[in-house]
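Anchor point for the sequence shown: position 58 equals 58 in UniProt numbering, and the numbering is continuous, going up by one each time.
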Amino acid sequence: MDANFADLDKRAVTPFLLIPNRHDQMLIQQNILTVIKQLKEIYPERQFKLGHYGDIFDKITDDQDHFNTVHGELHDGKYMRVHKT
1 MDANFADLDK RAVTPFLLIP NRHDQMLIQQ NILTVIKQLK EIYPERQFKL
51 GHYGDIFDKI TDDQDHFNTV HGELHDGKYM RVHKT
């Protein structure tokens with residue numbers, strides 16, 4: 001996680017980081033509270049919170065003037081998850 005945090009900290013435009021834990025095709029992680037407790041012990045200088053996307057959007061609203069605006073569409077399937085069945 002150290003390398004991941006270093007990269008995220010370098011690229012972040014707000015003091016808040018969103019680290020998704022799962023996706024729609026993954027089973028529910030039964031021990032997520034234990035994982036968060038362990039992360040707090042390993043990284044005491046960081047704050048971890050189990051939340052929702054709405055929570056982070058509420059937090060970053062004040063910093064939205066610093067965000068870049070991207071125009072156009074992503075057409076290359078190399079960077080998209082596209083089922084071609």
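Even for Gly, the Cβ is constructed at its ideal location relative to N, Cα and C. This structure is a prediction, so every number in the text was calculated from the model and none was measured.
- Rounded to whole angstroms, F57 and D9 show a C-alpha spacing of 18 Å.
- Annotation: V13 to R46 spans about 17 Å, alpha carbon to alpha carbon.
- Counting only the Cα atoms, D63 lies some 29 Å from L33.
- Residue state for D24 is assigned as coil, using DSSP reduced to three classes.
- Between G51 and I28, the alpha-carbon positions lie close to 15 Å from each other.
- Here I60 carries a helix assignment [DSSP, helix/strand/coil].
- One Cα belongs to P44, the other to D24, and the distance between them is close to 30 Å.
- For L8, the enclosing alpha helix (DSSP H) has its first and last residue at D2 to R11.
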